[in-house]
Amino acid sequence: MTDRLLAGHAALIEERYDEAEQAFGEVLVIDPSRTAAHLGMGEIHLARGRPQLALHHFAAAAADPMLKPQARQGQAVALVMMRQDDAALPIIEEVLASRPLLWRTWNARGLVFAGRGDFNQAEASYKRALAINPAAASVENNLGYALMLQGRADTALVHFGKALALEPSLKAARNNQRMALAWNGRYTEAIAGVESKELPDVLNDVGVIAMRRGDFRGAEAYFARAIETSPSYHAKAAKNLADLRARQRAGNAGAPGTPARAGATITPVR
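Every number in my numbering is 526 more than the matching position in the sequence shown, counting from 1.
This is how it looks when you write it as structure tokens:
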């Protein structure tokens, strides 16, 4: 059974989740109380976007004093993934009080405070996470996201670039980078390299940001392009274009704002 536990942990580290789940599952069939296997299963469910299932296994693992900090971290991360921030925060603070080097807990803390609009706490949390694990692409993305919500697109771009240098396939960071470029008026760069199936949505988002920047001519052009390039009726772009034209006719196109109120898609990694 120890061999299967070791095999499960090795597969988990290498992100071979099918093999890891099979190994831990075999252990739990023989010994349902094996806390190390529950911890591994919880991590697998988190990685696969199944936080509710992860909570069950982390609760079982938390019964082991040796594994409790990691299990409680897992519970906090799962709750944040489920957007149950009020339930997550006390667990986060509990974990950090005893294990301040658990970087994923700092990241979870940043997500909670960013969601509350407390960007000073969010930024401090993300920076603590990066001091512990400078290779955490998701944290670089999340720090950029918090900066974007404050209208600090130039600085956000730096962090989205770092996230992509660490993990080129991180889709959230790629999309966020596009939105930050658009916010800086770099529309052509924002849509460069976008796959055809994603192009209409990206064009619409660029149009939304252009409108919030006060660039109404650019916004109109990008909404129109979104509609033209979409293989089916693009309801969002059509509505945005109609709203913009109605506001222009009324002489009330709106004042420049910030990405937080732009309505374009910027996302953290939970």
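The beta carbon of each residue, even a glycine, is placed where N, CA and C say it ideally should be.
For this session: Measuring alpha carbon to alpha carbon, tell me which of Ala-602, Arg-542, Asp-590 ends up nearest Ala-796.
Result: Here residue 796 turns out to be Arg, not Ala, going by the sequence shown. Residue Ala-602 holds the alpha-carbon nearest to the alpha-carbon of Arg-796 among Ala-602, Arg-542, Asp-590.
Problem set entry | Contacting residues, own chain, Cβ-Cβ under 8 angstroms from Ala-584 (five flanking each side not counted) | Here residue 584 turns out to be Phe, not Ala, going by the sequence shown. Within the same chain, Cβ atoms closer than 8 angstroms to the Cβ of Phe-584 are found at His-564, Leu-565, Gly-568, Ala-597, Arg-598, Gly-600, Gln-601, Ala-604, the five residues on either side in sequence being excluded.
Exercise. Straight-line CA distance for Val-728 to Asp-611?
Worked result: Each residue's Cα considered, the two are about 29 angstroms apart.
Exercise. Counting only runs that start and end within the stretch 734–779, where is the alpha helix (DSSP H) found for 4 or more residues in a row?
Worked result: Fully enclosed alpha helix (DSSP H) runs of 4 or longer: 742–755, 761–775.
For this session: Rounded to whole angstroms, what's the CA-CA distance from His-582 to Phe-639? Just pull it up for me.
Result: Rounded to whole angstroms, the gap between the alpha carbons of His-582 and Phe-639 is 25 angstroms.
Exercise. Around the Cβ of Ala-786, are there at least 16 other Cβ atoms within 10 angstroms (buried) or fewer (exposed)?
Worked result: Per-residue confidence for Ala-786 stands at a pLDDT of 45, beneath the threshold of 50, marking its modelled position as unreliable; the derived number appears in the next sentence. Classification for Ala-786: exposed.
Exercise. According to DSSP, is Asp-590 helix, strand or coil?
Worked result: Asp-590: coil per DSSP, three-state reduction.
For this session: Report, in whole angstroms, the separation of the C-beta atoms of Ala-708 and Ala-699, which I expect to be a contact under 8 angstroms.
Result: In fact, because the Cβ distance is near 15 angstroms, the residues do not count as touching under 8 angstroms.
For this session: Please work out which residues of its chain come closer than 6 angstroms, Cβ to Cβ, to Arg-530, disregarding the five sequence neighbours upstream and downstream, and give them in chain order.
Result: Within the same chain, Arg-530 has close Cβ partners Ala-549, Glu-552, Val-553.
Exercise. Touching or not, the stretch 649–661 and the stretch 630–639, by the rule of three or more beta carbon pairs under 8 angstroms?
Worked result: Three or more Cβ pairs closer than 8 angstroms define a contact, and the stretch 649–661 meets that threshold against the stretch 630–639.
Exercise. Taking just the CA atoms, how far does Asp-590 sit from Ala-788?
Worked result: Per-residue confidence for Ala-788 stands at a pLDDT of 46, beneath the threshold of 50, marking its modelled position as unreliable; the derived number appears in the next sentence. Between Ala-788 and Asp-590, the C-alpha separation is close to 46 angstroms.
For this session: Could you work out which residue in Glu-545, Phe-742, Ala-586, Val-606 is closest to Pro-558 when comparing CA atoms only?
Result: The shortest Cα separation from Pro-558 among Glu-545, Phe-742, Ala-586, Val-606 belongs to Ala-586.
For this session: In the DSSP assignment, find the unbroken alpha helix (DSSP H) run with Arg-704 in it and report its ends.
Result: Taken as a continuous stretch (DSSP letters only), the alpha helix (DSSP H) holding Arg-704 covers 697–709.
Exercise. Under three-state DSSP, which class holds Ala-788?
Worked result: Note that Ala-788 has pLDDT 46, beneath the 50 cutoff, so the model's placement of it is unreliable and the number below is only indicative. DSSP places Ala-788 in the coil class of the three-state scheme, outside both helix and strand.
Problem set entry | Nearest-angstrom Cα separation, counted from Ala-546 out to Ala-562 | A straight line joining the alpha-carbon of Ala-562 with that of Ala-546 spans about 12 angstroms.
Exercise. Looking only at its own chain, which residues have a Cβ that is under 8 angstroms from the Cβ of Ser-556, when we skip the five neighbours before and after it?
Worked result: This sequence places Ile at residue 556; Ser is not what is there. Around Ile-556, the same chain offers Met-527 as residues with beta carbons nearer than 8 angstroms, after the five sequence neighbours per side are excluded.
Problem set entry | Among Gly-733, Ala-533, Leu-622, His-535, nearest to Lys-594 - alpha-carbon criterion | The residue with the shortest Cα to Cα distance from Lys-594 is Leu-622.
Problem set entry | Unbroken alpha helix (DSSP H) run spanning Glu-569, endpoints | Note, Glu-569: alpha helix (DSSP H), 561–573.
For this session: Please classify Asp-612: does DSSP put it in a helix, a strand, or coil?
Result: DSSP places Asp-612 in helix when its eight states are reduced to three.
For this session: Pull up the distance between the alpha-carbon of Arg-738 and that of Ala-613, whole angstroms please.
Result: Annotation: Arg-738 to Ala-613 spans about 35 angstroms, alpha carbon to alpha carbon.
For this session: Spatial neighbours of His-685 within its chain, please: CB distance less than 8 angstroms, with the 5 preceding and 5 following residues excluded, ordered by chain position.
Result: Only Glu-666, Asn-667, Leu-669, Gly-670, Leu-673 meet the Cβ criterion.
Problem set entry | Range covered by the alpha helix (DSSP H) that runs through Lys-653 | Run containing Lys-653: 645–658, per the alpha helix (DSSP H) assignment.
Problem set entry | For Arg-625, the first and last residue of its enclosing alpha helix (DSSP H) | Careful: Arg-625 lies outside any alpha helix (DSSP H) and carries neither H nor E.
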